[in-house]
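Enquirer:
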Amino acid sequence: MTPDSMACPCGSDRPLVQCCGRHHAGEPAPTPEALMRSRYSAFVLDLPDYLLATWHPSTRPALLPADDATEWKRLEIRESGEEGDRGRVQFRATFREGGRWAVLEEHSHFVREGGRWFYLDGASAIHRLKPGRNAPCPCGSGRKFKSCCGPV
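If you read the sequence shown in my numbering, its first letter stands for residue 16, the second for the next number, and so on.
1) From the DSSP output, which residues share a beta bridge with residue 170?
2) For the pair the region 20-31 and the region 76-94, tell me if three or more CB-CB distances fall below 8 Å.
3) Use the C-beta contact count for residue 142: other C-beta atoms within 10 angstroms, 16 or more gives buried, fewer gives exposed.
4) In this structure, what does DSSP give as the bridge partners for residue 142?
5) So, residue 105 versus residue 124, is the Cβ gap smaller than 8 Å?
6) Would you check if the region 104-118 and the region 36-56 touch, i.e. whether three or more CB-CB distances between them fall below 8 Å?
7) Going along the chain, which residues of its own chain have a beta-carbon closer than 6 Å to the beta-carbon of residue 159, five neighbours each way excluded?
8) Quick one, which of 147, 140, 162, 135 has its alpha-carbon nearest residue 66's?
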């Protein structure tokens, strides 16, 4: 698969270059949800410079530690909206670390300055998942866990 035809990790069913890749290349995200999707994709694609650039300076860390152990699998946007220069996104991000599955749930806050949206902060919780062999796979494929991402 070429980068031009690679599906966007955010789950939009669009090619990366037509979806979050535009924002990674410098085009401002038009909404808080678009920024959240592009930030999720940046976590999947290991783009720490983009993550830092889209984080508001008042809450941005100096650097992001490398995280080779986390495999981001699925993003679900639960709710999003904006009022003036403030925005919010509620999402669930499913991930795997080693053989353990979990979901990060967050209520994120965004602010628009100079025509650009920035991630400000969020209230998050992590919940461990224990998918059974015949349960739907947490990655969202629609297949059974045992025949998708289950133990080899």
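For each residue, glycine too, the CB sits at the ideal point set by N, CA and C.
Expert: From the atom records:
1) Residue 170 is absent from the structure shown; the chain starts at 16 and stops at 167.
2) yes
3) exposed
4) 118
5) no
6) Three or more Cβ pairs drawn from the region 36-56 and the region 104-118 lie within less than 8 Å of each other, which places the two stretches in contact.
7) 149
8) Ranked by Cα distance from residue 66, the options 147, 140, 162, 135 are led by 135.
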